[in-house]
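Numbering (this note's numbering), first residue to last: 42 to 758. Structure first, then comments.
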């Protein structure tokens, strides 16, 4: 990373690109890692070597000052950090200080000025529960990508290998970009998959001699399995004394995924129970089952599919709703935020943190970025953001601006770089990341709108590189189907076809169901089996099928439990509080989905968090009910044969349950501990097209009165 005038400029890997060159892709991690192509095998090898070197850098130098570009300092001082205490004295202009970006220590990152929020002793740079959430993380991932690449290149240059081998490796890594984990991609057998690169605790790598002749395989710790401090060191020695309930992260010597307990050797040395991650993603295993779980619950793919899908009313593509969990309107007025528009990329992101961590690091805001899985996860969030931009194009309503006339994105408290009372928009600095050497040369959302100028792209998106100011990704082109898609019909069709294939599980299931019902109606055995269940489920058409579509929308207080994270569970059927204090699920039940409140317990972490806590900040999320309802429609033992609104109102009021638990699965009382918690049901119509180049069309949604009357937190008309 270049150093200019004592400020560090975050730059993409563009030094090997010329105008018109194909832009290297950020690739799906399993596809890249398991590739047999020589260039990919070399990239994987050098990536693991570079990441090992990055992680091996001591957190502090010999004089006790932060080793500021070490993995510990960069990952540990993530924008998610909320409760990390360090007591270093750091000269602001003599070293690069990637610390305190969100919380402790209360020191600016690469800043010379004093805070612009004088009433708050810190301010921070937090953008969670904010419309800047997607755009702020784009230069942050670019920083990770650049630093890892620098270590990859540095490892090759200092490896002692022959010049021809060095040239071979340098040529290979010129097209490397940070990989992403497509968490919502369903693999063979209809399952989600944890990345192969992060499974094994140890990996075998070619010794340096093997690259030049006969040699051996060395067995080393896998830097993607966990981040490990050197022998005898723990996180607490470097200021991380974060404690959540009974989990002391300060005693950890390595990051952990789904540890079985928060004490003992497994906790200290770092578990990597990755099978629990896919179990959580598929079945949401927080429950006490009367018997074994009967089916997988694959909700993640459907959530991403819906997030990217076409809507025909009050555009679901409105940036404000897409970007953040923040509740901008009065939750008592169901007309201010259309009932369809409660799903966001931030909510999907939150769930993945929970499913990936269990009781471990990824589930806790202050320590999540120490886990190398964090990079793959947030790279995928950026990819989903880019796909959304591709589909919806360059229209003003699809960028960083309020989507509704009565909404104002103000920042009354300010932070280190934002004056209190500022209105947040596309020109708000994405501090502390600079794209120039000047004092105020920060990235803005407008600067990162065109990802192609940053030196990377994703599969199916534009590949021709143009320097900043002449980007390819969002160049103005003709209007397509009434949308300013910017990329042209070919790119859009490729992206939509891929989404329908990889994430369109609900689409495929409902179209298959409709086809089966039609065959039964047209056959001689129309009244046999469950053929009578076709009812008014299907509204056929020449180009697709239309169904009633039901969603549950939830409003929740982010800091209701003092900032402790909690999980909201939705279940259809037989579910209750068991003797253990956990959710007891019976045989006649379908797990619908979960919502994770991803918060932080430190009241002084940053101005944004502090203000949200004081104001009782509300968040919103949405879960789709239709896939679970379809399973019940297919079950002859369940008395349900239609998706008609009148029938469903009573059915959902009787059968839909929701619970709130802590991360260990203990039920939390909604009425006494969660003020402003509310669930309402909305119904609309979804049309699934036979044409795979068309996204589904959702519209005409309205709140369903009487569907939530009988439960704590249920909306009552």
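For glycine and all other residues, C-beta sits at the position ideal for the given N, C-alpha and C. No experiment lies behind these values; they were computed from the predicted model shown.
Taking residue i as the reference, give the member of the options with the closest Cα.
| i | options | result |
| --- | --- | --- |
| residue 74 | 182, 49, 239 and 107 | 239 |
| residue 100 | 674, 86, 116 and 603 | 116 |
| residue 612 | 699, 588, 560 and 589 | 699 |
| residue 734 | 590, 506, 538 and 716 | 538 |
| residue 693 | 752, 711, 732 and 743 | 752 |
| residue 359 | 705, 482 and 441 | 441 |
| residue 279 | 302, 292 and 267 | 292 |
| residue 361 | 747, 77 and 661 | 661 |
| residue 50 | 414, 312 and 476 | 476 |
| residue 426 | 109, 490 and 506 | 490 |
| residue 468 | 487, 562 and 474 | 487 |
| residue 211 | 219, 196, 220 and 560 | 196 |
Tell me whether residue i sits in a helix, a strand or coil according to DSSP, three-state version.
| i | result |
| --- | --- |
| residue 175 | helix |
| residue 354 | Because the pLDDT at residue 354 is just 48, under 50, the model does not fix this residue reliably, and the value given afterwards should be weighed accordingly. It is coil, neither helix nor strand. |
| residue 634 | strand |
| residue 699 | strand |
| residue 54 | coil |
| residue 503 | coil |
| residue 612 | strand |
| residue 746 | coil |
| residue 516 | Its pLDDT being 38, under 50, residue 516 is placed unreliably by the model, and nothing is read from it. |
| residue 494 | helix |
| residue 319 | helix |
| residue 49 | strand |
| residue 726 | strand |
| residue 731 | coil |
| residue 242 | coil |
| residue 540 | helix |
| residue 74 | helix |
| residue 268 | coil |
| residue 679 | coil |
| residue 607 | strand |
| residue 104 | coil |
| residue 408 | helix |
| residue 227 | coil |
| residue 740 | strand |
| residue 625 | strand |
| residue 185 | helix |
| residue 752 | coil |
| residue 707 | coil |
| residue 282 | coil |
| residue 259 | strand |
What whole-angstrom Cβ distance do residue i and residue j have, given they're in contact under 8 Å?
| i | j | result |
| --- | --- | --- |
| residue 716 | residue 386 | Rounded, the Cβ-Cβ distance is 27 Å, inconsistent with contact. |
| residue 593 | residue 671 | Contact flag wrong, Cβ pair sits at about 15 Å. |
| residue 412 | residue 185 | 13 Å between Cβ atoms; not a contact. |
| residue 379 | residue 283 | In fact, because the Cβ distance is near 39 Å, the residues do not count as touching under 8 Å. |
Measure the Cβ-Cβ separation of residue i and residue j and say whether it is below 7 Å.
| i | j | result |
| --- | --- | --- |
| residue 741 | residue 755 | no |
| residue 590 | residue 730 | no |
| residue 739 | residue 720 | no |
| residue 66 | residue 498 | yes |
| residue 266 | residue 242 | yes |
| residue 295 | residue 277 | no |
| residue 365 | residue 172 | yes |
| residue 610 | residue 419 | no |
| residue 306 | residue 233 | no |
| residue 321 | residue 396 | yes |
| residue 668 | residue 748 | no |
| residue 417 | residue 70 | yes |
| residue 62 | residue 506 | yes |
Along the chain, where does the alpha helix (DSSP H) containing residue i start, and where does it finish?
| i | result |
| --- | --- |
| residue 467 | Element bounds for residue 467: n/a, residue is neither H nor E. |
| residue 360 | 360-364 |
| residue 397 | 386-398 |
| residue 307 | 305-310 |
| residue 344 | 341-349 |
| residue 423 | 414-433 |
| residue 211 | 204-214 |
| residue 602 | From DSSP, residue 602 is part of no alpha helix (DSSP H); its letter is neither H nor E. |
What are the start and end residues of the beta strand (DSSP E) that includes residue i?
| i | result |
| --- | --- |
| residue 713 | Segment 711-714 is the alpha helix (DSSP H) holding residue 713; no beta strand (DSSP E) there. |
| residue 592 | 585-598 |
| residue 89 | Careful: residue 89 lies outside any beta strand (DSSP E), inside the alpha helix (DSSP H) at 79-97. |
| residue 664 | 659-665 |
| residue 290 | Taken as a continuous stretch (DSSP letters only), residue 290 belongs to no beta strand (DSSP E), as it is neither H nor E. |
| residue 483 | 483-485 |
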